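Protein chains in written order, with my numbering: chain A, 1 to 228; chain B, 1001 to 1261.
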């Protein structure tokens, strides 16, 4: 599972990292590998956490989740467990990608701040695991999954500044990047690992914590309404 | 033990369950029979707090599953139509987790797990992963799990689907035994009429969301002037094959098979 889900971030890191490297360099922005590494870490956290929640779609029909839905346990407890579980896996996934980035030549400017980076990965993971549960509780069939992939997950990823710097953008694009919570997660990672960022770390922290609360509340509500 | 009055469930315009009433006494084995799509599973879902009824009233040991969900949930165990074991855990771990979810004290949990796994002939395999089990073993484990928290009622939704005659036979023997020793009320659905005839004290036949006959197997046979329950069932529900439209969970069932096995 973990090996399989490393394929995509690896492609982005290696192909884009080395492919766009020369162009990025000649635009005077420095090393693209350095720049894209936090983006790729954010991406793997995003994908893993959202899909842990969307997995509910299976799980409530054909899995262990059904057993917990009839157990005399408040639904909110089950939902929070599900969210934290998904967030844990996503954070571990992010850490593995971080290690791969290090192998590929990525160097953080300050190693001592690595734990802070992990903290931001955890927050980002909780945000999107909560969103995943909120979506997964409402999905009724497989086709919905494709829809969520194309209209939620990929836009969140591409609009997050994972692949390009968030400065000097056309105003429409700028607007969308500013309302994308992942922008703040990845920007905070860049701040911690590279010392460069668009937003202040306080703002990123506030936005991430706020959306985490919002999405977990939303997920908790949707989850408590699940009927089979 | 179970009291259902004028129960109804509509999905949009379609009535899946329509004005259903019945009573199940404590300690009774009650079979709920009907063709595909008759409303059996929908009724079970409403009885087990998974679905809210559109109309009517339900009492589970005096509790309303819609409003007193948690209290009601403590009273019953359920074996679903689709598997609900954690494949990545061992048989023992599945039992133990269930015990924790139902707040069974550790000592009692281990005693009952041992007793039930021995009874269902799974004790030797208790430390093997569930994903290595055969279909029959998984079903046995699910039923053993349903008994773990000494429920007052056990719901079995087509528990013998896809099992060989040996497993089916053995499974009902165990259920019948536990019904007698622990006094648990059993509410079951099945498509195998011989099973219902063998184990059930009373039977309700449901078709198109309505109950069309109720009584002991003998009463149903007398009522329809037939000599087997299967003939009685066909006399009551007609012999036309039901075209059940494939819904989203059928599609998912197919996908699940592709991915999981």
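Positions of the beta carbon are idealized from the N, C-alpha and C atoms, including for glycine.
All values reported here derive from a predicted model rather than from experimental measurement.
Asked: Relative to chain A, which residues along the segment 1097-1115 of chain B have a C-beta separation below 9 Å, given in chain order?; Found: 1097, 1098, 1101, 1102, 1103
Asked: Could you name the residues of the segment 204-228 of chain A whose beta carbon sits closer than 7 Å to any beta carbon of chain B, in the order they occur along the chain?; Found: 227, 228
Asked: Run the CB neighbour count on residue 1124/B, radius 10 Å, all protein chains shown included, and call it buried at 16 or more, exposed below.; Found: exposed
Asked: Confirm, please, whether the CB-CB distance from residue 170/A to residue 208/A is below 9 Å.; Found: no
Asked: Can you pull the chain B neighbours of residue 66/A, defined as C-beta to C-beta under 7 Å?; Found: 1080, 1084
Asked: Does residue 1295/B come within less than 9 Å of chain A when only Cβ atoms are used?; Found: Here chain B covers residues 1001 to 1261 and nothing more, so residue 1295/B does not appear.
Asked: Can you list, in chain order, the residues of its chain whose CB lies under 8 Å from that of residue 1128/B, leaving out five sequence neighbours each side?; Found: 1090, 1091
Asked: Sort out for me which residues DSSP pairs residue 1202/B with in a bridge.; Found: 1030/B
Asked: Strictly under 9 Å for the Cβ-Cβ distance: is residue 1120/B near chain A by that measure?; Found: no
Asked: In or out: residue 29/A buried (at least 16 other Cβ within 10 Å) or exposed?; Found: exposed
Asked: Determine whether the Cβ of residue 1052/B lies closer than 9 Å to any Cβ atom of chain A.; Found: yes
Asked: Quick check: residue 42/A and residue 94/A, are their CB atoms within less than 9 Å of each other?; Found: yes
Asked: Should residue 210/A go down as buried or exposed, given a rule of 16 or more other Cβ atoms within 10 Å for buried?; Found: exposed
Asked: Does any CB atom of chain B fall closer than 9 Å to the CB of residue 61/A?; Found: yes
Asked: Assign residue 1132/B to one of two classes, buried (16 or more other C-beta atoms within 10 Å of its C-beta) or exposed (fewer than that).; Found: exposed
Asked: Are the C-beta of residue 111/A and some C-beta of chain B separated by less than 9 Å?; Found: no
Asked: Report, in whole angstroms, the separation of the C-beta atoms of residue 51/A and residue 105/A, which I expect to be a contact under 8 Å.; Found: No, residue 51/A and residue 105/A are not in contact; Cβ-Cβ is about 29 Å, not under 8 Å.
Asked: When the Cα atoms are used, what is the spatial distance from residue 101/A to residue 13/A?; Found: 8 Å
Asked: Give the DSSP-derived three-state secondary structure of residue 177/A in the structure shown.; Found: helix
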